[in-house]
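Beneath this line is the structure, given in C-alpha cells, with notes to follow.
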Amino acid sequence: MKFYSTENKNNVASLKHAVITGMPSDGGLYMPEEIPQMSRKFFDNLRSMDIQEIGIEITKKFLSDDVPIQEIEQIIKSAMNFDTPLEQVTADIYSLETFHGPSLAFKDVGARFMARLMSYLIRDEEENLNIVVATSGDTGSAVANGFYEVPGINVFVLYPSGKISKIQEKQISTLGKNITALEVNGNFDDCQRLVKTALSDQDLRGHINLTTANSINIARLLPQIFYYFRALAQLDGYKDKETIVCVPSGNFGNLTAGLMGKKMGLPVRRFIAATNVNDVVPEYLEKGEYNPRESIETISNAMDVGDPSNFDRILDLYDHDWETIKSDIYGSSYTDEETRATIKSVHKNYNYTCDPHGAVGFTALKDYLEEENGDQGIFLETAHPAKFKQIVENEIEGEVEMPERLAKFIQRDKKSLKIEDKYEEVKEVLLP
Ligand SMILES: *Cc1c(COP(=O)(O)O)cnc(C)c1O
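Note that my numbering has the sequence shown beginning at 21, numbered continuously upward.
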C-alpha cells in the first residue's frame, strides 16, 4: 500500500519512505491510500480474539504488500506484549485501559510498533538509523522504551532540564545502550528547535542516517486502531447496542485512529472528542471554524495543544465536510476544576481511579449519555493514575499504588548528558 500527503493526493510514498521520513516535504501528513474493510469472518471471531490476533489481522490489511506475514506476526507479538483491558466503571460506562505498556501511557503502543517496523524496513541498510526527538515528557519515555534494544537504531532524546517529572526523566535517562538522553539547559521549545536544526543540517545528514519519531508518523497511528476493536471484543452484546466511544484528546492521533477503525467497520455509533480548556476542535465542531491558538497549561498536560497536529488527517478522512464530521464526532471540553471533581467522584461512587486525562474522557462521556442518545459508552484511559500521583491523591484522599515497572525506574541511576542550548553540542553528540 502507498501513502499520500494530505496536502496533495498525487504526492505518494512507499511504506518505507513514509515511515522513515515521518512526513512529506510538502508539509502535509501521510495517509494510507485505502482504508481497508475488515471481513465478516473477522467480526464473527472478534469476541474470542486477543490484542495480538486483532493486531495481526489489521496490520495485514495495511502492510501485507510490503511486509511478509511472518514478519508482521513477529512485530505484533513483540510490540503488543500487553493487553488493553476493558473495565466496567458504571452500569453503562467502561474504561479502556490503554496504559499497560512500559511507560504507562497509550503512546507505548505506537512507539513499540513503529520501532519494530522501522527496524524491519532498514534491515538491509549498512548504517544504523539515528532518531532524534524532543520531549516534554510523555513522548520521550514511550519512544525511549519503545526503541530500547531494537536492532539497527540509535535514539537521542532531548528534554528540558528540570521541566519534566522525575519519573519521566528516569524513564528516559536510565536505559542506556542504544538510548542517549540529552538534558538541555533550556525549555521544550529550545529542545524542539535543536531537533529541527539537526534534521535540516545537510552536513550532518551527509554523515549519518537521521530521522525523528514524532506523533505524526503514520506508523504510530496504525497500531492505535487495534485497541478500539479489542474494546468491542470485550463488550457483551455490542452488536445489539449503540456504543459511544470517548477519546480524551490533544494532538488527536488517538481519535484519528478510532475514526479510521470506524471506516474499517468498527461498530461505534459516534465518537466524542473530549478536551481540557484547549478546545479548538470542540469549537470547530460547534461553529465550523478552526482557530488554532497558543496552548493553555492544565493538569491533563498531555492534552495541552493549541494546534493539533492530526486535525488535517480528520479533515482528510471526511473530505473536509463539516456536516459529516459533526455527525460522527461530538466535541466537549472541561476545566481543571471539573476534572478534579471527576477524579474525586468516580473514586468515591464507583471505586475506580482515573488519571486527569481519563477523567476528562469519563465526564464527557457521562454528560453525553445523559443528554444525547446511546446505550453505553467506552472512554479511553490514556495513562496510569500513578503517573499523576500528586494530583490524583489530593482528590481521592488515599494512595495510588505505583506499578512495579514504574517503581523499578526510580531506583536506577540517571545517565544523561548535560548540554547547553547550543546546536554545536547536539551535533557533536550525534556525529560518530
Ligand atoms: C498523548 C496523550 C494524550 C493525547 O493523545 P492524542 O493522540 O495526542 O490526542 C492523552 N492522554 C495522555 C496520557 C497522553 O500521553
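Note that beta-carbon positions come from the ideal geometry of N, C-alpha and C, so glycine has one too.
Three-state class that DSSP yields for residue i in the structure shown
{"i": "Leu242", "result": "helix"}
{"i": "Ser84", "result": "coil"}
{"i": "Gly308", "result": "coil"}
{"i": "Thr383", "result": "helix"}
{"i": "Asn321", "result": "helix"}
{"i": "Gly270", "result": "coil"}
{"i": "Tyr370", "result": "helix"}
{"i": "Val170", "result": "coil"}
{"i": "Ile345", "result": "helix"}
{"i": "Leu230", "result": "strand"}
{"i": "Tyr179", "result": "strand"}
{"i": "Gly281", "result": "helix"}
{"i": "Ile363", "result": "helix"}
{"i": "Tyr376", "result": "Reading off the sequence shown, one finds Pro at residue 376, where the question assumed Tyr. In the structure shown, Pro376 sits in a helix (DSSP, three-state: H, G or I)."}
{"i": "Glu392", "result": "coil"}
{"i": "Val420", "result": "coil"}
{"i": "Arg313", "result": "coil"}
{"i": "Gly75", "result": "helix"}
{"i": "Asp223", "result": "helix"}
{"i": "Lys259", "result": "helix"}
{"i": "Ala111", "result": "coil"}
{"i": "Leu252", "result": "helix"}
{"i": "Pro44", "result": "coil"}
Residue i CB to nearest heavy atom of ligand 2 below 6 angstroms
{"i": "Asn229", "result": "Ligand 2 is not among the ligands present in this structure, which contains only ligand 1."}
Range covered by the alpha helix (DSSP H) that runs through residue i
{"i": "Gly166", "result": "158-167"}
{"i": "Val215", "result": "208-219"}
{"i": "Ala427", "result": "424-430"}
{"i": "Ile416", "result": "409-416"}
{"i": "Leu137", "result": "127-141"}
{"i": "Ile187", "result": "186-193"}
{"i": "Val446", "result": "443-450"}
{"i": "Leu335", "result": "331-337"}
{"i": "Asn237", "result": "Element bounds for Asn237: n/a, residue is neither H nor E."}
{"i": "Lys61", "result": "60-65"}
Nearest candidate by alpha-carbon position, reference residue i, set the options
{"i": "Glu54", "options": "Phe23, Arg67, Ile245", "result": "Phe23"}
{"i": "Pro122", "options": "Lys407, Arg290, Glu417, Glu358", "result": "Lys407"}
{"i": "Ser235", "options": "Gly351, His377, Arg213, Phe126", "result": "Phe126"}
{"i": "Ala233", "options": "Pro423, Gly160, Ile95", "result": "Gly160"}
{"i": "Gly418", "options": "Arg425, Ile78, Pro405", "result": "Pro405"}
{"i": "Thr318", "options": "Glu309, Glu303, Tyr304, Thr295", "result": "Thr295"}
{"i": "Lys409", "options": "Glu421, Thr402, Glu401", "result": "Glu421"}
{"i": "Lys186", "options": "Leu450, His377, Ile430", "result": "Ile430"}
{"i": "Asp332", "options": "Asn321, Ile345, Thr118, Lys261", "result": "Ile345"}
{"i": "Ala239", "options": "Gly42, Pro452, Glu444, Leu437", "result": "Gly42"}
{"i": "Tyr304", "options": "Asn321, Gly278, Leu335, Ala277", "result": "Leu335"}
{"i": "Val297", "options": "Phe246, Glu357, Val288, Glu343", "result": "Glu357"}
{"i": "Val412", "options": "Glu117, Ala251, Ser320, Leu385", "result": "Ser320"}
{"i": "Gly394", "options": "Asp339, Ser193, Gly206, Lys261", "result": "Lys261"}
{"i": "Leu137", "options": "Asp103, Ser98, Phe291", "result": "Ser98"}
Sheet register partners of residue i (DSSP bridge)
{"i": "Lys438", "result": "Glu203"}
{"i": "Phe23", "result": "Ala33, Pro52"}
{"i": "Leu116", "result": "Leu106, Leu400"}
{"i": "Asn28", "result": "Ser25"}
{"i": "Ile264", "result": "Arg290, Gly397"}
{"i": "Gly351", "result": "Ala293"}
Burial state of residue i, where buried means 16 or more other Cβ atoms lie within 10 Å
{"i": "Gln90", "result": "exposed"}
{"i": "Asp341", "result": "exposed"}
{"i": "Ile316", "result": "exposed"}
{"i": "Gly75", "result": "buried"}
{"i": "Gly47", "result": "exposed"}
{"i": "Asn30", "result": "exposed"}
{"i": "Glu415", "result": "buried"}
{"i": "Thr359", "result": "buried"}
{"i": "Asp158", "result": "buried"}
{"i": "Lys190", "result": "buried"}
{"i": "Asp70", "result": "exposed"}
{"i": "Pro52", "result": "buried"}
{"i": "Arg290", "result": "buried"}
Start-to-end residues for the beta strand (DSSP E) that takes in residue i
{"i": "Thr355", "result": "Per DSSP, Thr355 belongs to no beta strand (DSSP E) and is neither H nor E."}
{"i": "Gln90", "result": "Where Gln90 is concerned, there is no enclosing beta strand (DSSP E), although the alpha helix (DSSP H) it sits in stretches over 89-99."}
{"i": "Leu149", "result": "149-154"}
{"i": "Ile292", "result": "290-295"}
Contact with chain D by residue i, beta-carbon distance below 7 angstroms
{"i": "Asn414", "result": "In the displayed structure, chain D is absent; only one protein chain is listed."}
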